Structure formats: structure tokens, C-alpha cells
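Residue numbers (our numbering), protein chains in the order written: chain A, 73 to 544; chain B, 4 to 148.
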């Protein structure tokens, strides 16, 4: 404090001033307090007088209590004895309690152990609790989800009920179908067996086909070679055919001019023989005249032969002009011509004939030749009968002319229609052997056929067919 | 040269056919004056007064010509064409003689102006009849134009 004053004289002064002021204040305070304390001592004196009065009363009280205490001491002795007994009981009890205590202590330890275990378990449970809470939260969500799913499942269940019914129906159907399938299965099993059988047959057949195939390939190769050969031959034939056409034309004109040129000397033979007979018959005897007649006859016969041949060769060149031909009328006209030119012995029956589309001139020629043949070959019969008729068959018209004349052997039927073929002696029946060949050619060129049936001595029937519909 | 009226000119290369024809014509007096020539060339010379027949009186025309078609040198058709295209001869009737009516020359002959034709048959009797009928027609019935 001094140091501070020395070092700081102003501060120290100020401080001591403050100290004196403070002490003055304290002295004032102390004087006030002493006044208060005096009053207090006065008050206490009055109280002590009151208290002494009270003590006189209290002394009387104590005297009474002293008596009460004697009474009380006697009661205490009794109570002491009681307490001593109780003490002994309590000691016994204490021992028991010690044992019990020990027991309890053990149990306590056990409990503590258990408690610590429980703490751990608790912790575990707490953890599990937390987990369970988490799980619970999850389960709530899951629950909601399940609830939703449940609804869905109910919906689905309803649907499934419907579907189930449907399935039930289908099941029944399927059972039915299954029953059917069982039957079908049996059938298929049977067919399977059949097919297996067939398959094994096919295997055999396959082998056979394979073999045949090889054979065919071989054959094909052979045919290929043969084909080439045929192609070559074909070319040759075409060449030959065109050569033949040329040769045929040459032959036709040749035969034509030959027949013409043959007629000139023939005319001379015949003509001069007649002149000889007319002018000089008196110079001949009977045999001479007979020989002269033979010359004439043969010349005439040769003339007819040449005429027939010319007609036959002409037919090859002539164009066929088709029109509707009344065959009945045509045959009747031919018959009438015959009746006009010769004494007709035969009875000729012409039935109504089918009309046909053909060349009139050529059909006329057919009737002339066939009818003259029928007349000729039936001329020796006692009562010659000729029948002409026609019928329709399979798109063809078949005409027939039947006589009851000499007929012929069917053995030679194939020679009937050849040129110069004759089945009878010229002495018995005249003829050149061209007539039927001519008819054959006419019918063939019309797309028809000609044939005959006959028996020796029983007459002959000639048939010819013509297509009903014309092919132009 | 003859001035006697010529009735028939026969142009025929076959002498035998010609003889038979003439014989047939003369029989029954159908024609008595017949001139026979053996080929077409001679027939043309005769008709038009050439060569051998230079001096012939061309006014003396045959009443009818019988013309064979098939002849050497100048054939019947050539002769026919000359006859029908020449004013001098085109009015003379021409009858064609042929071996067959089917001969294609017959058709050509008609086209060239032939008046008729006769087929020469082997059968002499028929030939004689045909020639006879023809002679009567052309010489006696037909008035010359």
C-alpha cells in the first residue's frame, strides 16, 4: 500500500480519503446498532422475568414427572426383560437371517449374473426390437402390398372361378375329345401298322423302282442313240418322201401318156378289123371270121382296161368337192340307167338311205361300180335279188348292198380291193379288176372304209362307211 | 392346085387314125372331099398359102377343120391359136380331136376358140358314129357365117 502511495502519491491520497470517509460511515452504523442492541436487552429482561414465572410452573411440572418416572422405571424393567427375550429371539433370528442372507447373497450374485446376461439379452432384444420395428414398417408396407394383392387375388380368384368353370367345361369337352382321340388313336395305330406294312412294301417297291430306274436310264441312253439314228433315218425318209412325190408325179404323167399312146394303136387294130370284116368278110371262112372277132373283142377289152386305169389314176389327182348328197336318189338314178341300157333280170330294192356330205360324182361312181358288180355276179341266180340299205352307227353311216349271187370265198377277201385283182374267171364274168379298187380309193379318200362278207354260192354283201360329220 | 370346094381339113399325125376318120366321114356320104395333113406346120402353110401351098387359092377355105392336138413340130394348140387370131381363118369352125376328154389340152383348146371336140375311142363303131354326127352338123346343118 505504501509502495503504491510512493509510486502514485495522487492515487494513495485519494485512497486514504476514501478510507476515512468509509470509517466514518461505519461508526455511524455502529452507534445505530448499539441503540438497537440496548432496546433488545431491555426486551430480554422483561422476557427473563416472564421466564422465571414460567419456571416456577415448570418446577411443579417436574415434580409431577418425577413420580411418573418412578412408575415408568418399573414398567421399563418389565419391558427390559421382555426385550432381553426378544433379543435372544432376534439373535436366533439373526443367525437364520445370516444364512438366509448368504443364500440371498448367492441368489443376488446369480441375479447379478443373470442381470448382466439380461442386460446383454436386453440389448439384443433392443436391437431385435429395432429390427422388428424396421421389419414392422416393412411389413406394413408389405401388408398394404399384400392387401392390394389380396384384392387383386380376389379379383383374380373371381376370374379364376369363371375360368375354372370354363376349364371344367373344357375339361369335359377334353374328356369327350380324349375319348374320341382314344378311338382315333386306335385307328391311327391301326393305320400306322398298315403304313408300316405299306412302308416295307414301298421299300421293296423302291428297290424295284431303283432297279427299273437304272434299267430305264440304260434304256434312255440306248433310246438316245436310237433317237439319233431315227432322226437320221427321218431325214433320209423325208428326202426319200420328197423324192417319191417327184417320182409319183412323174409316174402319173407317165402312166397318163402311156395309156393315151396305147389307145392309138388299139384304135387302129379295132378299126381296121371292123373295116376288114365289113369289106372283106366274104373272103373269110367261118373260122377266119371267129378269129377276126377275137381280135376285135380283145382290142375292145384292152380299151376298157385302159379307160378304167385312166379313171383310177385320175382319182388320185382329182379334188374332192363335197356337198349334201341324197344317196337314195343317187342309187335310184344309177339303177334306172342300168335298166335303160340292159335287160335287168334282178329285183333291186333300194331302202331309204341316209343322206351324206360327199363328192356327188364320186358317190355316183361308187354306186355304178357296186350295183354293176351285184347285177353281174347275181346274173346266174334263178331269181336274183339285190338289197341296198344304210344305218347309222357310232358317228358313221354304213351303206350296204347285198346280192344272192355266186359270192366268193372269204379266204380271198383281202384281195378284193387291189388293182387287177379278180376272184372270178374272165370267161364267167367280164371285168378288168379295177372297179372295186376304184371304189376303195373313193371311200378311203372320203375318210371311210369298205369291206365285204360273202359265201361261195350264197351271195355277197359289200359295206362301206362314211363319216357322219364331214371333216373338210 | 385343086379348086374343088374343100369340105374338111383333117390335121392328124397318125395315118391310121386319119384313114379311119376319113373312112367314117365318107361312109354315108357325110363328106366326100377331105384334105389330110400330117402335122401342124403343113396345116399352117396350107391355110395361109405358104411354102408348098404358095400358089393355093386362099379363098377356097375348108368348111370345118378337124384338128388333132398331139402332133410333132407344131402341135394342135399352136395351130389353133394361129387360126383363131388370124382374120383369114378365124371364122372356120375347128373341131378338136383328142384321146381323152379329161386331157388338160381340151380346156385350153376351148379357151383358144375351138368349137367342139371329139374323143377318139378305141371302139371304132362309137368313133364312126361321133364323126358322122359331127360331119352332118358342121357340113350340113350349120350355116357358115
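For glycine and all other residues, C-beta sits at the position ideal for the given N, C-alpha and C.
Just so you know, these numbers come straight off a predicted model, no measurement behind them.
Minimum C-alpha distance to residue i - residue among the options
i              : options                        : result
residue 142(B) : 15(B), 22(B), 64(B)            : 64(B)
residue 476(A) : 525(A), 521(A), 514(A)         : 525(A)
residue 463(A) : 536(A), 140(A), 254(A)         : 536(A)
residue 93(B)  : 108(B), 39(B), 28(B), 51(B)    : 51(B)
residue 71(B)  : 116(B), 27(B), 138(B), 17(B)   : 17(B)
residue 84(B)  : 112(B), 19(B), 74(B)           : 112(B)
residue 101(B) : 8(B), 24(B), 59(B), 88(B)      : 24(B)
residue 97(B)  : 53(B), 75(B), 120(B), 15(B)    : 120(B)
residue 377(A) : 147(A), 173(A), 321(A), 510(A) : 510(A)
residue 345(A) : 424(A), 370(A), 392(A), 446(A) : 370(A)
residue 110(B) : 79(B), 129(B), 127(B), 48(B)   : 79(B)
residue 122(B) : 138(B), 130(B), 13(B)          : 130(B)
residue 503(A) : 442(A), 456(A), 533(A)         : 442(A)
residue 517(A) : 278(A), 431(A), 456(A)         : 431(A)
residue 19(B)  : 340(A), 294(A), 400(A)         : 340(A)
Inter-residue Cα distance where the pair is residue i and residue j
i              : j              : result
residue 34(B)  : residue 125(B) : 22 Å
residue 521(A) : residue 259(A) : 60 Å
residue 192(A) : residue 229(A) : 49 Å
residue 216(A) : residue 201(A) : 21 Å
residue 247(A) : residue 255(A) : 12 Å
residue 46(B)  : residue 91(B)  : 14 Å
residue 106(A) : residue 99(A)  : 11 Å
residue 15(B)  : residue 74(B)  : 7 Å
residue 313(A) : residue 523(A) : 29 Å
residue 108(B) : residue 435(A) : 27 Å
residue 303(A) : residue 290(A) : 20 Å
residue 316(A) : residue 36(B)  : 52 Å
residue 147(A) : residue 135(A) : 19 Å
residue 460(A) : residue 330(A) : 38 Å
residue 127(A) : residue 91(A)  : 51 Å
residue 529(A) : residue 474(A) : 13 Å
residue 74(A)  : residue 116(A) : Because residue 74(A) sits at a pLDDT of 44, beneath the cut-off of 50, its placement in the model cannot be relied upon, and the following sentence gives the value as read from the coordinates. Cα to Cα, residue 74(A) sits roughly 47 Å from residue 116(A).
residue 380(A) : residue 41(B)  : 30 Å
residue 83(A)  : residue 97(A)  : 21 Å
residue 362(A) : residue 337(A) : 21 Å
residue 479(A) : residue 433(A) : 28 Å
residue 445(A) : residue 487(A) : 16 Å
residue 163(A) : residue 203(A) : 55 Å
residue 534(A) : residue 471(A) : 8 Å
residue 490(A) : residue 506(A) : 8 Å
residue 109(A) : residue 142(A) : 46 Å
residue 342(A) : residue 514(A) : 32 Å
residue 403(A) : residue 350(A) : 40 Å
Under the three-state DSSP convention, the category residue i falls into
i              : result
residue 12(B)  : strand
residue 39(B)  : strand
residue 89(B)  : coil
residue 424(A) : coil
residue 524(A) : strand
residue 228(A) : helix
residue 356(A) : coil
residue 327(A) : helix
residue 172(A) : helix
residue 394(A) : strand
residue 58(B)  : coil
residue 67(B)  : strand
residue 126(B) : coil
residue 5(B)   : Residue placement at residue 5(B) is flagged as unreliable, the pLDDT there being 48, under the threshold of 50; the coordinate-derived value follows with that caveat. Reduced to three states, the DSSP call for residue 5(B) is coil.
residue 22(B)  : helix
residue 337(A) : helix
residue 314(A) : helix
### Residues in the segment 312-337 of chain A having any Cβ partner in chain B nearer than 7 Å
Shown in chain order are the members of the segment 312-337 of chain A whose Cβ falls below 7 Å from a Cβ of chain B: 332, 335, 336.
### Query
What residues in the segment 336-350 of chain A have a beta carbon less than 9 Å from any beta carbon of chain B?
Cβ contacts with chain B come from 336, 337, 338, 339, 340, 341, 342, 343, 344, 345, 346, 347.
### Task
Output the residue ranges of the beta strand (DSSP E) runs that lie fully inside the segment 95-119 of chain B and measure 3 residues or longer, sorted by chain position.
DSSP assignment within the segment 95-119 of chain B yields the following whole beta strand (DSSP E) runs of 3 residues or more, N-terminal first: 97-101.
### Query
Taking any Cβ of chain B, which residues in the segment 369-384 of chain A have a Cβ under 9 Å from it, in chain order?
Only those residues of the segment 369-384 of chain A whose C-beta falls short of 9 Å from the nearest C-beta of chain B are listed: 371, 372, 374, 375, 376, 378, 379, 382, 383.
### Query
Taking any Cβ of chain A, which residues in the segment 21-46 of chain B have a Cβ under 7 Å from it, in chain order?
Residues of the segment 21-46 of chain B with a C-beta less than 7 Å from any C-beta of chain A: 23, 26, listed in chain order.
#### Entry: Interfacial residues, the segment 125-137 of chain B to chain A, with Cβ spacing under 9 Å
Of all residues in the segment 125-137 of chain B, those with a C-beta nearer than 9 Å to a C-beta of chain A are 125, 126, 127, 128, 130, 131, reading in chain order.
### Task
Could you name each continuous beta strand (DSSP E) segment of 3 residues or more that falls completely within the segment 446-516 of chain A, going from the start of the chain to the end?
Within the segment 446-516 of chain A, complete beta strand (DSSP E) segments of at least 3 residues are found at 457-465, 468-475, given in chain order.
### Selection of the segment 10-21 of chain B by Cβ proximity to chain A, strictly under 7 Å
Flagged, chain order: 17, 19, 20.
#### Entry: Runs of beta strand (DSSP E) lying entirely within the segment 165-225 of chain A, each at least 3 residues, in chain order
As far as the segment 165-225 of chain A is concerned, it has no whole beta strand (DSSP E) run of at least 3 residues.
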